[in-house]
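K.L.:
Quick note on numbering: the sequence shown equals residues 6 to 247 in this note's numbering.
Below: one structure in structure tokens.
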Amino acid sequence: MNKGDLLYAGKAKSVFLTDDPSRLLIEFRNDTSAFDGEKVEQLDRKGAVNNRFNAFIMQHLEREGIATHFDRLVSDCESCVKRLEMIPVECVVRNLSAGSLCRRLGVAEGQVLSPPTFEFFLKNDALHDPMINEYHAQAFGWATPAEIDVMKAQTFKVNNVLKSLFADAGMLLVDFKLEFGRFGNQVVLGDEFTPDGCRIWDAQSRKKLDKDRFRQSLGSVVESYEEVAARLGIDLEASIAS
Ligand code: ADP
Ligand code: UDP
Numbered sequence: 006m007n008k009g010d011l012l013y014a015g016k017a018k019s020v021f022l023t024d025d026p027s028r029l030l031i032e033f034r035n036d037t038s039a040f041d042g043e044k045v046e047q048l049d050r051k052g053a054v055n056n057r058f059n060a061f062i063m064q065h066l067e068r069e070g071i072a073t074h075f076d077r078l079v080s081d082c083e084s085c086v087k088r089l090e091m092i093p094v095e096c097v098v099r100n101l102s103a104g105s106l107c108r109r110l111g112v113a114e115g116q117v118l119s120p121p122t123f124e125f126f127l128k129n130d131a132l133h134d135p136m137i138n139e140y141h142a143q144a145f146g147w148a149t150p151a152e153i154d155v156m157k158a159q160t161f162k163v164n165n166v167l168k169s170l171f172a173d174a175g176m177l178l179v180d181f182k183l184e185f186g187r188f189g190n191q192v193v194l195g196d197e198f199t200p201d202g203c204r205i206w207d208a209q210s211r212k213k214l215d216k217d218r219f220r221q222s223l224g225s226v227v228e229s230y231e232e233v234a235a236r237l238g239i240d241l242e243a244s245i246a247s
């Protein structure tokens, strides 16, 4: 597979065409952004850590029966994925209150949510990713009712699978964001699952181990991602088959 032209450069990843029209190459960069790109920094090793982290999680989800775009690791910071027609909504599940939920509803951080909650956000940087509901998604043609059902069901399934994966390693999966896309007539999990797009706390101390360390200037951002990876048994140095 040969790397072709840049298709899209986002805030943290770059997406390239390949000589296979059904495949893209995603490069995880060291760029780290928060607050709609207001705070941006380069964090050494983050691209490589997130590339391996994402590969491990996507492969785990595939084994648990969740269709993902992940194909294979290509290099330290690059993975080959299925080319999806992205659905422009973000799916967020929360097990504990944090982040925008606390700001929006004035509730304290760290309350257990029973049942876990589900939210849709429109993927639109200019509008600061506003929260939407499934009527908006359907009425504006962002997703069909069938696609909405699949995204919700798969996001909750991912939650069940990953909540126990993290719990077994002494961590709490607080919340996370997923993006899906169309591959033929299938709805497939795309984008990434890394500490950039979820919240993970140590179960005992509730120490934050995710991108909130960057948002809140707590330091040791990539070191914390590496700690989570080590606790999950992810080998960040494993050689990549060519
Ligand atoms: P953002 O666009 O939010 O700044 P990134 O820097 O992560 O985010 O850029 C990656 C972009 O690639 C996102 O817009 C995402 O929707 C898109 N993307 C992720 N996976 C795929 C895929 N398999 N096929 C096509 N596009 C994808
Ligand atoms: N999230 C994300 N990208 C976004 C918005 C949110 O990955 O554009 C993730 C975020 O890291 C967290 C979850 O989705 O794990 C819920 O985010 P929240 O709505 O609390 O927003 P935030 O506090 O990040 O502004």
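Just so it is clear, CB atoms sit at the ideal spot from N, CA and C, and this is done for glycine as well.
Small disclaimer: the values here were computed from a predicted structure and weren't measured.
Say the cut is 6 Å; is the CB of residue 202 nearer than that to a heavy atom of the ligand UDP?
P.N.:
yes
K.L.:
Touch check for the segment 54-70 and the segment 155-167: three-plus C-beta pairs under 8 Å?
P.N.:
Because the criterion of three Cβ pairs below 8 Å is met, the segment 54-70 and the segment 155-167 touch.
K.L.:
With distances taken from CA atoms, which of 234, 18, 212, 36 is nearest residue 174?
P.N.:
The shortest C-alpha separation from residue 174 is found at 234.
K.L.:
Can you tell me where the alpha helix (DSSP H) holding residue 91 begins and where it ends?
P.N.:
Not the alpha helix (DSSP H): residue 91 falls in the beta strand (DSSP E), residues 90-101.
K.L.:
Please name the residue in 231, 226, 244 whose C-alpha comes closest to that of residue 39.
P.N.:
Of the listed residues, the one whose Cα sits closest to residue 39 is 226.
K.L.:
What are the boundary residues of the alpha helix (DSSP H) that residue 106 is part of?
P.N.:
104-110
K.L.:
In angstroms with no decimal places, state the Cα-to-Cα distance between residue 81 and residue 240.
P.N.:
12 Å
K.L.:
Measure the C-alpha to C-alpha separation of residue 195 and residue 58 and round it to an integer number of angstroms.
P.N.:
One C-alpha to the other measures close to 14 Å.
K.L.:
Would the C-beta of residue 181 count as close to the ligand UDP, meaning under 6 Å from any of its heavy atoms?
P.N.:
yes
K.L.:
Closest to residue 29 by C-alpha separation, out of 134, 16, 7, would be which residue?
P.N.:
7
K.L.:
Does DSSP classify residue 211 as helix, strand or coil?
P.N.:
coil
K.L.:
Starting from the N-terminal side, write out each stretch of the beta strand (DSSP E) that is 3 residues or longer and does not extend beyond the segment 100-165.
P.N.:
List check, beta strand (DSSP E) in window: 117-127.
K.L.:
Please determine, among 76, 51, 19, the residue with the shortest C-alpha to C-alpha distance to residue 215.
P.N.:
When only C-alpha atoms are compared, the closest one is 51.
K.L.:
Go through its chain and collect everything with a Cβ distance to residue 193's Cβ below 7 Å, but skip five positions before and after it.
P.N.:
72, 73, 74, 87, 89, 185, 186
K.L.:
State yes or no: is the C-beta of residue 156 within less than 7 Å of the C-beta of residue 107?
P.N.:
no
K.L.:
Residues near the ligand ADP, CB to any non-hydrogen atom under 6 Å, in chain order?
P.N.:
13, 15, 16, 17, 18, 20, 29, 74, 86, 87, 88, 89, 91, 184, 186, 195, 196
K.L.:
Can you name, in chain order, every residue of its own chain whose Cβ lies under 7 Å from the Cβ of residue 116, other than the five neighbours on each side?
P.N.:
Close CB contacts of residue 116 within its chain, under the 7 Å cut and outside five residues either way in sequence, are with 101, 102 (chain order).
K.L.:
Give me the residue from 125, 145, 109, 65 with the minimum Cα distance to residue 94.
P.N.:
125
K.L.:
Which stretch, first to last residue, makes up the alpha helix (DSSP H) that contains residue 31?
P.N.:
No alpha helix (DSSP H) holds residue 31; the beta strand (DSSP E) holding it covers 28-33.
K.L.:
Can the beta-carbon of residue 99 be found closer than 7 Å to that of residue 118?
P.N.:
yes
K.L.:
Over what stretch of residues does the beta strand (DSSP E) that includes residue 61 continue unbroken?
P.N.:
Unbroken run through residue 61 is the alpha helix (DSSP H), 51-68; no beta strand (DSSP E).
K.L.:
Note the first and the last residue of the continuous beta strand (DSSP E) segment covering residue 36.
P.N.:
36-39
K.L.:
For residue 121 and residue 179, I'd like the C-alpha separation in whole angstroms.
P.N.:
Going from the Cα of residue 121 to the Cα of residue 179 covers about 10 Å.
K.L.:
Report whether the distance from the Cβ of residue 105 to the nearest heavy atom of the ligand UDP is below 6 Å.
P.N.:
yes
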